[in-house]
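Trainee: Below is one structure. I have some questions about it.
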Amino acid sequence: MRPTLLFALTLAATPALAAEPMSGPEFDAYTKGRTLYYNNHGQAYGVEEYLPGNRVRWSFLDGQCKEGSWYEQGRFICFLYEDQPGEPQCWTFWEEPGGIRALFEDNPSATELYEVTDADEPMLCLGPDVGV
495 MRPTLLFALT
505 LAATPALAAE
515 PMSGPEFDAY
525 TKGRTLYYNN
535 HGQAYGVEEY
545 LPGNRVRWSF
555 LDGQCKEGSW
565 YEQGRFICFL
575 YEDQPGEPQC
585 WTFWEEPGGI
595 RALFEDNPSA
605 TELYEVTDAD
615 EPMLCLGPDV
625 GV
């Protein structure tokens with residue numbers, strides 16, 4: 495077989511490189527006005543509501559919601575939440591055929607989340623703790 499043909503066949507058999515991570519404007523266009531549910535290793539992980547002005551509301555599906563905001567920093571989309579104002583949580587997001595995928599700090603051994611489009615749980619935010 496000729497080397498040129500062999501090289502072409504090798505390229506054709508090689509999986510495509512992963513797409514570039516989403517930019518801030520791409521992330522905003524995909525999420526704004528939506529409520530997305532996420533799984534981690536097939537288990538329900540949490541839900542985030544994406545509000546105008548880069549604001550968000552996050553819950554681990556436990557009724558406790560955290561208000562926050564997001565911003566773009568390099569290849570990351572970083573989130574700041576009211577309970578940890580000085581500790582950004584930065585993720586890399588990719589748009590894939592089944593939804594978006596997020597990798598914490600772009601670290602392959604860290605938390606990886608997948609958008610779930612058919613989650614049964616509604617986003618539930620209970621009011622502040624009420625004393626008796």
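Just so you know, we're using this note's numbering here: the sequence shown kicks off at 495 and counts up by one.
A virtual CB, placed ideally from N, CA and C, is assigned to each residue, including glycine.
Small disclaimer: the values here were computed from a predicted structure and weren't measured.
1) Quick one: grab the DSSP three-state call for A513.
2) In this structure, does DSSP put E520 in helix, strand or coil?
3) In chain order, which continuous runs of the beta strand (DSSP E) of length 3 or greater are located wholly inside the region 560 to 603?
4) According to the Cβ coordinates, are R551 and C619 closer than 9 Å?
5) Note down, in chain order, each residue of its chain lying with its Cβ closer than 6 Å to the Cβ of I571, except the 5 sequence neighbours on either side.
Mentor: Put simply:
1) coil
2) helix
3) 570 to 575, 578 to 590 and 593 to 598
4) yes
5) F521, W564, W585 and F587
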